[in-house]
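These notes concern the structure reproduced below.
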Amino acid sequence: MTFPESDKQYIEDIEPLRVAVIGSGPAGIYAAEALTRQQQVPVHVDIMDRLPTPYGLVRYGVAPDHLKIKGVVRALRQVLEHPDVHFLGGVEFGTDLSRADLARTHHAVVYATGAAVDRRMGIPGEDLPGSFAATDFVNWYCAHPDSALDQFVLNSEEVAVVGAGNVAIDVARILLKGADELSHTDIPQPVLDVLASGRVRTVHLLARRGPLQAKFTSPELRELLSLPGVDVDVRAEQIDLDPATVDAGELGAGRLSRAVRTNLKLLREHVDPPAREGPRTLRLHFWTRPLEVQGDENGVSGLRVERTRLASDGSLVGTGKTAELDVGMVLRSVGYASVPLPEVAFDDRSRTVPQEEGRVLDAKGDVVRGDYVVGWIKRGPSGVIGTNKSDAAATIRSLLEDAPALREAAGELLPLEKVLDEHGPVVRSNYQDWLRIDAEEARQAEELGRGERVKLHGWHAYRRVLDGH
Ligand code: NAP
C-alpha cells in the first residue's frame, strides 16, 4: 500500500500508539507483526514474557525433532528485531505489572498467554507417581525452565499415552525414537542421556474414539508409523468404523475429509502385522478409554481401560468390556487449557477469554476498552502455528479501528520502565539478553558436536548467562 507524502508526514508527526502484548509465543508475535505492517498509525509495541526467552510454544512445545516447524522462528525473529517492537522478558502480568499499571503506560493491551496447563482425565489414580500430563513430559524434553531435570527416569518397559492428538503423537515418537536419532536436536544433554538409558520398549497409544474421529494430522501419523526400528501393532477390530458411519455410507459417498481418508489408509496398511522384529513397539488402541491408573505411592503398575463405542446419538459410551495394560508410566495427552488472567474475565467452560472480534468482554458481555486477545486464550488450543497469524490480524484490525477512541481515553502515558521500577527490583531482561542465551545454546551444540543448538535447562542456567558467568 502506498500513501501520499502528506499522509506520511502526518503519520510521522503523531505519537505512536503504545500497545503492550502479554506473551511472546507465535500469537503475540504475530499480533506485533500485524501492528508493524499496517501504515495507518505509528506504533510502539512492548512484548512481555514471564520467561527471558521468546517464542512460547515454538520453543517449549514444538517437538525438538520437528526442525522444519521450528524454522518459523526465523520469521518471528524478524518481528522481534523490528525497530518499533521491544521484547521484555522476566515480567509476569499480574505479579510484576497489573492491568492498572498498563493503563498508565499503554493505549491497549493484547493478551497472548496461550494455554499453559494440561486438561485432566478425571479418573482414579491420575495423580499417582508415574502418571503425568504430556505437557510435563513436553516441558521436560523442551527444557522449560519450570520443569525439573530429574522429573523423568523412564525405567518402565511399557508406557501408555492417552489421547489421539498431535501432542500424543509427539510424546509417543520421542519415547520410541532412539537417542542417536535425537542427538542432532536441541534436547538438553542430561535429558538426552535419560532417553538414551531409558528402558521403554512398548508405547500404547489410546484413542477413546475411532480412527475417523482422531484429531492427529496425516503427516504426523505417517511419521509415527514409519519410525525405524519400531514395529506397529494395530488390530483390525481396533480400527473398526462406528456403525453410524458405515450405515451412513460416508466412506462410499466421499464425505470424509482427505486427511481422515489418508489416516485410515495409513492405519489399514499396518493391520495385523507380521512377527515383531524391532527393538520397540507402538501399539495402537482405538475405541479404548482409560478407567483407572493402578498402583500405589511407589508408582504406576497398570492402566485399566474399557472398550468404547458411539451410541446412536453420537455420544461415547463404554461397552463394559475392560482390560488391563501392564504399564509403569501413563502420560495423559488430552488437550491443553488456558489459565485465567488476573483482572480479565474468563469463561470456565471453554477456558478462554470472552471476546468479540478480538475485543475482550467483561462478565456482563460489555467490551472492555483497550483489552484485546489473540491465540489459544482467545479461541482454545487448536490449529497450527500459522492459524495464529490470521487470528492475530483479525484482532489487530479491531484494535486499529478503536485507536482514535483509545488515544482520546488515555491520559499522558508514562514510560514502562518507570512503572516497573515502582514495583521494586523486578528481574527483567531484554532482547539482547535473549541473544546471549541463544549464543550460549549454539556454543553448547558446537562443544558437544550436536546440531545447531543444545538448550540450557533450568532457571539457574539462564541466570548464569544473564549474570555473565
Ligand atoms: P487435541 O488435538 O485436542 O487432542 C486431544 C485428544 O485427547 C483427542 O483425541 C481427545 O479425544 C482426547 N481426549 C480428551 N479428553 C479425553 C479423556 N478424558 N480421555 C481420553 N481421551 C481424551 O489436543 P493436542 O494433541 O494437545 O493438540 C493441541 C493443538 O496443537 C492441536 O491443534 C494440534 O494439532 C496442535 N499440535 C500440532 C502439532 C503439529 O502440527 N505437528 C504438534 C503438536 C500439537 P476426543 O476427540 O474424543 O475428545
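Sequential numbering of the sequence shown, starting at 1487, is according to this note's numbering.
Ideal Cβ placement from N, Cα and C applies to all residues, glycine included.
All figures in this text were calculated on a predicted structure; none of them were measured in a lab.
Under 8 Å by Cβ, that's how I've got residue i and residue j pegged, so tell me the actual separation to the nearest angstrom.
| i | j | result |
| --- | --- | --- |
| R1790 | W1773 | In fact, because the Cβ distance is near 15 Å, the residues do not count as touching under 8 Å. |
| P1676 | H1943 | 7 Å |
| P1697 | I1655 | The Cβ separation is near 13 Å, so there is no contact. |
| D1604 | A1931 | Contact doesn't hold; Cβ gap of about 30 Å is too wide. |
| V1716 | T1767 | 7 Å |
| H1771 | L1711 | Not quite, the Cβ-Cβ distance comes to about 15 Å (not below 8 Å), so this is no contact. |
| G1844 | K1875 | That belief does not hold up - the Cβ atoms of G1844 and K1875 are roughly 14 Å apart, past 8 Å. |
| Y1858 | V1596 | 5 Å |
| S1752 | L1707 | Rather than Ser, the amino acid found at residue 1752 in this sequence is Leu. Indeed they touch by this definition, with Cβ atoms about 6 Å apart. |
| A1598 | G1861 | 5 Å |
| L1811 | A1700 | 19 Å between Cβ atoms; not a contact. |
| V1820 | M1607 | 6 Å |
| A1722 | V1689 | Not confirmed; about 20 Å, so no contact. |
| D1719 | R1795 | That pair is no contact at about 21 Å. |
| L1902 | T1591 | 5 Å |
| A1889 | L1574 | Between L1574 and A1889 the Cβ distance is about 22 Å, and since that is not below 8 Å, they are no contact. |
Quick one: is residue i buried, meaning 16 or more other Cβ sit within 10 Å of its Cβ, or exposed?
| i | result |
| --- | --- |
| P1550 | buried |
| H1593 | buried |
| G1509 | buried |
| R1920 | Here the sequence assigns Trp to residue 1920, which means Arg is not the residue at that position. Buried. |
| T1808 | exposed |
| L1934 | exposed |
| V1813 | buried |
| R1818 | buried |
| I1673 | buried |
| L1521 | buried |
| I1500 | exposed |
| I1555 | exposed |
| L1900 | exposed |
| S1617 | buried |
| R1523 | exposed |
| P1911 | exposed |
| A1619 | buried |
| V1825 | exposed |
| K1663 | buried |
| V1870 | exposed |
| G1872 | exposed |
| P1512 | buried |
| A1602 | buried |
| G1800 | exposed |
| D1532 | buried |
| G1600 | buried |
Looking only at its own chain, which residues have a Cβ that is under 8 Å from the Cβ of residue i, when we skip the five neighbours before and after it?
| i | result |
| --- | --- |
| S1836 | G1866 |
| L1668 | P1550, D1551, I1660, L1678, L1681 |
| R1754 | I1725 |
| E1938 | D1672, A1928, A1931 |
| L1952 | P1538, S1915, D1919, R1922, I1923 |
To which residues of the same chain is residue i closer than 6 Å at the C-beta, ignoring the five residues directly before and after it?
| i | result |
| --- | --- |
| G1576 | P1538, V1913, R1914, S1915 |
| F1579 | I1508 |
| E1643 | R1685, R1687 |
| P1840 | A1831, D1833, L1847 |
| A1629 | P1674, K1941, H1943 |
| L1750 | P1697 |
| L1588 | A1506, V1595 |
| A1665 | L1678, L1681, A1682 |
| E1614 | Correcting the residue identity first, residue 1614 is Leu in this sequence and not Glu. Counting only Cβ-Cβ distances below 6 Å, and skipping sequence neighbours, we find V1779, G1781, V1786. |
| V1470 | Residue 1470 lies beyond the residue range present for the chain, which begins at 1487 and ends at 1955; the question has no answer from this structure. |
Any Cβ of chain C within less than 9 Å of the Cβ of residue i?
| i | result |
| --- | --- |
| R1536 | The structure shown has no chain C; it contains just one protein chain. |
Apart from the five residues just before and just after residue i, which ones in its own chain have a Cβ nearer than 7 Å to its Cβ?
| i | result |
| --- | --- |
| T1703 | N1652, A1745 |
| V1639 | V1680 |
| K1850 | none |
| H1946 | none |
| V1559 | Y1541, V1544 |
| G1764 | G1715, V1716, D1717 |
| W1626 | S1633, Q1637, F1638, V1677 |
| R1936 | S1669, H1670 |
| G1547 | V1624, C1628 |
Within the present structure, is the beta-carbon of residue i separated from the nearest heavy atom of the ligand NAD by less than 8 Å?
| i | result |
| --- | --- |
| E1706 | Of the ligands one can find in the structure shown, namely the ligand NAP, none is the ligand NAD. |
| Is there contact here, the segment 1651-1670 with the segment 1516-1536, by at least three beta-carbon pairs under 8 Å? | Not touching, per the Cβ criterion.
| request: State whether the segment 1576-1591 contacts the segment 1776-1790, with contact taken as three or more CB pairs (one from each stretch) at a distance under 8 Å. | output: In this structure the segment 1576-1591 does not lie against the segment 1776-1790, because fewer than three pairs of beta carbons, one per stretch, are closer than 8 Å.
| query | Three or more C-beta pairs closer than 8 Å, one from the segment 1909-1923 and one from the segment 1547-1563: is that the case here? | reply | Note that the segment 1909-1923 does not touch the segment 1547-1563; fewer than 3 beta-carbon pairs, one per stretch, sit closer than 8 Å.
| Meets three-Cβ-pair contact criterion under 8 Å: the segment 1629-1646 and the segment 1800-1807 | Touching, no, given that fewer than three Cβ pairs across the two stretches are closer than 8 Å.
| query | With contact counted as at least three CB pairs below 8 Å, one residue from each stretch, are the segment 1875-1884 and the segment 1512-1520 in contact? | reply | Under the three-pair Cβ rule at 8 Å, the segment 1875-1884 counts as touching the segment 1512-1520.
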